[in-house]
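J.: Numbering (our numbering), first residue to last: 11 to 271. This structure is in structure tokens; I'll ask about it shortly.
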Ligand code: IPE
Ligand code: IPE
Ligand code: MG
């Protein structure tokens, strides 16, 4: 085990540049756009459109709170099974978000990363994603990670396949594969695991969002539908996170002190 492996996840957290007591990495499963629209007898697209506004508010709040990484689930590998007009509406919104907001995000020192499968995306989307990443690559403020065409099982399978190919070709020793080697093959390589994952709309499941990375994440579920999410909701979720005690398989701090004395 090398030095980095020996550090506890908590120690890693203390050395990041996030604001005091703020989770370093917040993930959000932005759910409930369709129900928000249905409650108002509006088309689902209107819910998605208002969802983009909630995303803008949330990014602004994350910058102000000095959160280091914000990962938002915007389109899952399984969302392709939705009606074609809804899928193309969602693609249009992503394109518009990047075209309209890239300059503003860049001027706010935001670094954009996109995680998910790029192969097979519509031809007008791939280059936009690459441009957003390239333009903001050297920014040092909030890292905004957009999970787009993302599926956690697919990500794990791709990593396993890549390692199997390397082993078959004699480039790596299968016995030497550990968590660090594996993580280097994930879309999230270099990004710390999420400390807090928020899911809106009352659903309590992860729907294929970061299954590897969420091994020790804290979850906060809120009934608020995504288009209604705002700074107050984010702050509330962080408050809840602060009340949690993370143990990472160890024992509570108070119990550990008792054992030591
Ligand atoms: C989340 O809202 C947006 C995406 C999954 C792209 P939904 O569209 O899932 O909204 P509900 O769950 O139907 O209300
Ligand atoms: C998860 O929401 C995907 C995103 C928020 C992008 P879904 O609405 O697709 O999840 P399920 O189908 O309710 O599990
Ligand atoms: Mg949903």
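A virtual CB, placed ideally from N, CA and C, is assigned to each residue, including glycine. As the structure is a computational prediction, the values presented were derived from the model and not from experiment.
(1) Are the Cβ atoms of residue 214 and residue 231 separated by less than 8 Å?
(2) Across the segment 163-175 and the segment 200-211, are there enough close Cβ pairs to call them in contact, namely three or more that are closer than 8 Å?
(3) Can you find at least 3 beta carbon pairs, one from the segment 36-51 and one from the segment 110-125, that sit closer than 8 Å?
(4) Within the structure, which residues are defined as neighbours of ligand 1 by a Cβ-heavy atom distance below 5 Å, reported in chain order?
(5) So is the beta-carbon of residue 121 under 7 Å away from any non-hydrogen atom of ligand 2?
(6) Measure the beta-carbon distance from residue 73 to residue 151 and round it to whole angstroms, keeping in mind my assumption that it falls under 8 Å.
(7) Nearest-angstrom Cα distance between residue 105 and residue 163?
(8) Can you have a look at residue 220 and say buried or exposed, based on whether 16 or more other CB atoms are within 10 angstroms of its CB?
(9) Which residues share a DSSP beta bridge with residue 153?
(10) Classify residue 133: buried if its beta carbon has 16 or more other beta carbons within 10 angstroms, exposed otherwise.
(11) Taking the alpha-carbon positions, what's the residue 41 to residue 192 distance?
(12) Can we count residue 39 as close to ligand 2, meaning its CB is less than 7 Å from some heavy atom?
(13) Following a CB-centred definition, is residue 89 positioned closer than 7 Å to any heavy atom of ligand 2?
(14) Residue range of the beta strand (DSSP E) that residue 38 falls in?
(15) Go ahead and pull the three-state DSSP assignment for residue 335.
(16) Is DSSP giving residue 230 helix, strand or coil here?
(17) Closest by CA to residue 81, which one among 211, 243 and 201?
(18) Would you call the CB atoms of residue 129 and residue 241 closer than 8 Å?
(19) Measure the CB-CB distance between residue 211 and residue 86 and report whether it falls below 8 Å.
(20) Measuring CA to CA, which of 83, 55 and 261 is closest to residue 93?
(21) Is it buried or exposed, residue 14, if we count other Cβ atoms within 10 angstroms and call 16 or more buried?
(22) In angstroms, rounded to a whole number, what distance separates the CA positions of residue 32 and residue 78?
T.: Taking the geometry as given:
(1) Going by C-beta atoms, residue 214 is nearer than 8 Å to residue 231.
(2) No, they do not touch.
(3) No, the segment 36-51 does not touch the segment 110-125.
(4) Checking every Cβ against the heavy atoms of ligand 1 under 5 Å gives 41, 42, 43, 44 and 45.
(5) No, ligand 2 has no heavy atom inside 7 Å of this Cβ.
(6) Residue 151 and residue 73 do touch by the CB rule: their CB atoms are close to 6 Å apart, below 8 Å.
(7) Cα atoms of residue 105 and residue 163: separation of roughly 26 Å, rounded to the nearest angstrom.
(8) Only buried fits residue 220, as 16 or more other CB atoms lie within 10 angstroms of its CB.
(9) Under the DSSP definition of a beta bridge, residue 153 partners with 79 and 121.
(10) Per the 10 Å Cβ criterion, exposed.
(11) Using only the alpha carbons, I get a separation of about 29 Å.
(12) It does: the Cβ of residue 39 is within 7 Å (strictly closer) of some heavy atom of ligand 2.
(13) Within the cutoff, so yes.
(14) 35-39 is the span of the beta strand (DSSP E), which, as asked, contains residue 38.
(15) Residue 335 cannot be examined here, being either before or after the span of the chain that is shown, 11 to 271.
(16) In the structure shown, residue 230 falls within a strand segment according to DSSP collapsed to helix, strand and coil.
(17) Put simply, of 211, 243 and 201 the residue whose alpha carbon is nearest the alpha carbon of residue 81 is 201.
(18) 8 Å or more divides the Cβ of residue 129 from the Cβ of residue 241.
(19) Their beta carbons are not under 8 Å apart, which means residue 211 does not touch residue 86 by this criterion.
(20) Nearest in C-alpha terms to residue 93, of all of 83, 55 and 261, is 55.
(21) Since pLDDT at residue 14 reaches only 40, below the 50 mark, its modelled position is unreliable, and no value is offered.
(22) Cα to Cα, residue 32 sits roughly 9 Å from residue 78.
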